[in-house]
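Input: a single structure, listed below in structure tokens.
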Amino acid sequence: MYFASATTTEPLLRDALHRLEAQLAPQVEGHAIDLALIFLSSHFRGQAAQVRDGVLELFSPREILGCTAEGVIGGQHEIEQQPAIALLLAELPGVTLQPFILGQADWESFIFNEAEFRRKISAPDNTRLFLLFGEPFTAPMSEILRTFDSAYPGIPVLGGMASAAMAVGQNALILKDHITPVGAAGVALAGNFDLDLVVSQGCRPIGEPYVVTKTDRNVIFGLENQPPLLRIQEMVDEMPEEEQRLLQRGLLIGRAINPTQDRLGRGDFLIRGVLAADRQNGAITVGDTIHPGEIVQFHVRDAETAQEDLEMMLIPQAFRPPASGALLFTCNGRGTRLFDHEDGDVSVVQKTLGNIPVAGFFCAGEIGPVGSRNFVHGHTACLAIFRPAQETGL
């Protein structure tokens with residue numbers, strides 16, 4: 240198993256491809272490339288086909304997967320708000336790759352239809368991981384992931400939502416034989432390799448958990464029979480001044496993943512934004528459908544908690560054999576929007592894993608597993624760490 244990664248900020252496509260070739264050709268000499276992962280800033284979204292064709296010509300990968308993004312990640316750097324391409328090449332001996340595409344026109348034919356969904360994906364029986372990228376305006380990702388959980392129970396799905404556009408038709412999802420501005424695309428990885436997955440939310444709960452008592456889709460009218468704004472005001476009045484300042488970054492709400500567990504804490508919630516409030520009736524609008532009976536808790540985010548959480552979740556990696564490569568999918572609300580320095584998440588990853596090939600992008604929703612189920616996250620860093628199986632004796 241062998242990985243190599245590179246980035247370029249050259250604004251002209253020809254120069255960008257030359258730069259990637261200059262960095263990667265010496266690294267991959269003598270290696271047969273099985274998978275190329277391409278991440279393009281919005282600057283290159285109209286040239287996605289040319290980028291794909293250039294990668295095919297230069298490195299002849301067996302399969303390609305990629306998408307457009309607000310910012311890209313490669314090597315030691317997170318590149319935001321400028322022209323950029325990140326490219327990761329992987330030699331994966333003994334690994335079967337099965338690409339798939341989920342088109343916008345046929346959601347109803349396979350979502351919640353396990354047999355049709357399995358036919359659409361065609362994943363091998365020994366699949367270990369699905370890499371999946373979606374277009375946020377056209378892919379009902381929460382429903383897609385529930386169908387993955389049903390059709391392929393226990394198999395993790397990792398990836399993110401393309402983030403280079405503010406409207407339908409302006410993103411690009413990239414496969415070797417197909418480029419589409421809508422839907423979802425991915426690759427199933429099957430075979431004998433070692434895989435560690437990390438989902439670091441980087442938010443911390445404040446106040447107390449509440450049982451939701453009245454909702455209408457994504458509007459919450461009651462938290463334990465009281466208006467949410469009243470609960471928020473009670474919570475704020477009791478918060479230290481430092482935590483009150485964190486609210487300037489925005490208030491978040493967490494949906495308990497396993498509401499039956501005795502004690503809920505950091506990492507036990509799916510984080511969603513609080514989008515609006517109605518001062519007349521005390522209701523709040525949140526970034527997800529909420530049902531009565533759910534347990535929720537308000538959250539805040541700050542750079543210190545985000546870094547601490549990722550570092551803590553990576554501690555076990557210090558006791559593992561050296562990693563071959565990694566993929567990092569992080570929220571477009573992180574980066575320099577959260578940290579007071581560049582390369583906030585990737586620097587933690589590289590410090591822990593030891594300067595390995597890494598690539599990824601800033602997502603409009605991150606995809607990763609918690610327990611045995613797969614979810615779309617917000618404000619999260621999702622990481623896949625690859626090692627050859629023989630290094631762990633598997």
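Residues in the sequence shown are numbered from 240 upward in steps of one, following my numbering. Positions of the beta carbon are idealized from the N, C-alpha and C atoms, including for glycine. Just so you know, these numbers come straight off a predicted model, no measurement behind them.
Quiz item: DSSP state of residue 394, grouped into three classes?
Solution: Residue state, collapsed to three classes: coil.
Quiz item: Using 8 Å as the Cβ pair cut-off and three pairs as the minimum, do the segment 451–458 and the segment 408–418 touch?
Solution: The segment 451–458 makes no contact with the segment 408–418; the number of CB pairs closer than 8 Å stays below 3.
Quiz item: Hey, quick one: how far does the beta strand (DSSP E) through residue 360 stretch, first residue to last?
Solution: Run containing residue 360: none in the beta strand (DSSP E); it sits in the alpha helix (DSSP H), 353–360.
Quiz item: Using CA coordinates, which residue listed in 368, 603, 383, 292 is at the minimum distance from residue 654?
Solution: For the chain, the structure presents residues 240 to 633; residue 654 sits outside this window and is missing.
Practice problem: Quick one: residues in its chain with C-beta nearer than 6 Å to the C-beta of residue 520, no 5 flanking neighbours on either side, listed in chain order? | Solution: Leaving aside the five residues that flank residue 520 on each side, none in its chain has a CB nearer than 6 Å to its CB.
Quiz item: Does the Cβ-Cβ distance between residue 277 and residue 251 come in under 9 Å?
Solution: Not a contact, by the Cβ cut-off of 9 Å.
Quiz item: For residue 466, which of 298, 524, 297, 558 has the nearest alpha-carbon?
Solution: Comparing Cα-Cα distances from residue 466 to each of 298, 524, 297, 558, the minimum goes to 524.
Quiz item: In its own chain, which residues sit with a C-beta less than 7 Å from the C-beta of residue 342, not counting the 5 before and 5 after it?
Solution: The beta carbon of residue 342 sits closer than 7 Å to the beta carbons of 422 from its chain, once the five residues preceding and following it are set aside; these are given in chain order.
Practice problem: Label residue 554 either buried or exposed according to how many other C-beta atoms from any shown protein chain fall within 10 Å of its C-beta, with 16 as the threshold for buried. | Solution: Exposed is the call here.
Quiz item: Going by C-alpha distance, which of 488, 509, 491, 489 is nearest residue 498?
Solution: Taking only the C-alpha atoms, the option nearest residue 498 is 509.
Quiz item: In terms of alpha-carbon separation, which member of 585, 502, 626, 620 lies closest to residue 540?
Solution: The option with the nearest alpha carbon to residue 540 is 620.
Quiz item: In angstroms, rounded to a whole number, what distance separates the CA positions of residue 346 and residue 337?
Solution: It is roughly 20 Å from the alpha-carbon of residue 346 to the alpha-carbon of residue 337.
Practice problem: Below 7 Å CB to CB, which residues in the same chain sit around residue 628 once its five sequence neighbours on both sides are set aside? | Solution: So the list reads 431, 432, 433, once near-sequence residues are dropped.
Quiz item: Where do the N-terminal and C-terminal ends of the beta strand (DSSP E) with residue 453 fall, by residue?
Solution: Residues 449–455.
Quiz prompt | Endpoints, the beta strand (DSSP E) within which residue 438 is located | solution = That run of the beta strand (DSSP E) goes 432–439.
Quiz item: Taking just the CA atoms, how far does residue 495 sit from residue 504?
Solution: Their backbone Cα atoms lie some 9 Å apart in a straight line.
Exercise. Let me know the secondary structure DSSP gives residue 293 once reduced to three states.
Key: It is helical.
Exercise. Go to residue 349, then tell me how far its alpha helix (DSSP H) extends in each direction, as first and last residue.
Key: The continuous alpha helix (DSSP H) containing residue 349 extends over residues 346–349.
Self-check item: Pair within 9 Å by beta-carbon distance, residue 368 and residue 623
Solution: Cβ atoms of residue 368 and residue 623: closer than 9 Å.
Quiz item: According to DSSP, is residue 381 helix, strand or coil?
Solution: Helix, per DSSP.
Practice problem: Identify, in the order they occur along the chain, each residue of the same chain with its Cβ nearer than 7 Å to the Cβ of residue 286, setting aside the five sequence neighbours on each side. | Solution: Here the set comprises 252.
Quiz item: Given residue 595, which residues of its chain have a CB within under 8 Å of its CB, disregarding the five upstream and five downstream residues?
Solution: Around residue 595, the same chain offers 242, 561, 562, 563, 564, 565, 589 as residues with beta carbons nearer than 8 Å, after the five sequence neighbours per side are excluded.
Quiz item: With a CB to CB cut of under 6 Å and the five nearest residues on each side skipped, what residues in its chain are close to residue 373?
Solution: Closer than 6 Å at Cβ, skipping near neighbours: 380, 400, 423.
Quiz item: For residue 246 versus residue 313, is the C-beta distance shorter than 9 Å?
Solution: In contact: residue 246 and residue 313 (Cβ atoms closer than 9 Å).
Practice problem: Assess, as a yes-or-no matter, whether the segment 326–335 is touched by the segment 254–274 under the definition of 3 or more beta carbon pairs within less than 8 Å. | Solution: The segment 254–274 vs the segment 326–335: in contact.
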